[in-house]
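Visitor: Start counting the sequence shown at 1; every next residue gets the next number (the UniProt record's numbering). Backbone N, C-alpha and C fix where the C-beta goes; we use that ideal spot for every residue, glycine too. Computed from a predicted model, the values in this text were never measured in an experiment.
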Amino acid sequence: MASMSDYHAGRSLHTSNRTEVLVATRRSDGAVVAIKRTQPTQMALHEMRMLRALPPHPHLLHLHAAWRDELHLHLALEHCAGGSLAAALTGGSMELGAALDAAAQLLAVLAHMHGAGVVHLALCPRHVLLASPLGTEDVRLSHLKSAIAVPAGRTV
């Protein structure tokens, strides 16, 4: 089972009243990840279960490992160095080609999730992460706290 001792913690990327996200380096192979440390609420546990249950997709944020300690749930997630789409848009608009690429990637991951019987329910620019700081060429959908599993044969 993974633990915080498997990682070298770096700078904080985000802090809120319940959650902190840190850049970290996995000691075993030097991989850079984002460690989301949060209170083990039902929503946080639900997000972990959703990330574990969904088949991999290139535009779905990857969960490397998850563990609990006395106080927190820790999720070792794919690090997206470009930050959120919301933050990228604060400086203005996007080029049309980049916007179309991002939209196509989001539609692909949403179709993947729907095919697996999962609906996101909280799609917004804050929950779309940019894999690199160079732009929106490669996006990841995150924040599955509100996602729901829809039983086969039912629609939303």
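For the beta strand (DSSP E) that contains L130, what are its first and last residues?
Guide: Start and end: 128 to 132.
Visitor: With a cut-off of 8 Å on the beta carbons, I'd call L61 and S142 a contact; round off their distance for me.
Guide: Yes, L61 and S142 are in contact; Cβ-Cβ is about 4 Å, under 8 Å.
Visitor: Going residue by residue through the UniProt domain "Protein kinase" (7 to 156), where are the continuous alpha helix (DSSP H) segments of at least 4 residues, counting only ones entirely within it?
Guide: The qualifying runs are 42 to 53, 85 to 89, 96 to 115.
Visitor: By the three-class DSSP mapping on this structure, what secondary structure does M4 have?
Guide: Looking at M4 - three-state DSSP - the assignment turns out to be helix.
Visitor: Just to confirm before moving on: does the CB-CB distance between A66 and L75 stay below 8 Å?
Guide: The answer is yes: Cβ separation under 8 Å.
Visitor: Indicate whether G10 and A31 have their beta-carbon atoms separated by less than 8 Å.
Guide: For G10 and A31, no; Cβs fall outside 8 Å.
Visitor: Using the beta-carbon count (16 or more within 10 Å), is V150 buried or exposed?
Guide: Per the 10 Å Cβ criterion, exposed.
Visitor: Just to confirm before moving on: does the CB-CB distance between H72 and R37 stay below 8 Å?
Guide: For H72 and R37, yes; Cβs fall inside 8 Å.
Visitor: Taking only the alpha-carbon atoms, compute the straight-line gap between G92 and M1 and give it to the nearest angstrom.
Guide: Approximately 43 Å, taken between the alpha carbons.
Visitor: Going by alpha carbons, who is nearest to V21 out of H114, A102, G83, R140?
Guide: The shortest C-alpha separation from V21 is found at G83.
Visitor: Which residues in the same chain have their Cβ closer than 8 Å to the Cβ of Q42, if we skip the five residues on either side of it in sequence?
Guide: No residues qualify anywhere along the chain.
Visitor: Between R154, G97, V139, A86, which lies nearest to V119 when the distance is taken from Cα to Cα?
Guide: It is R154.
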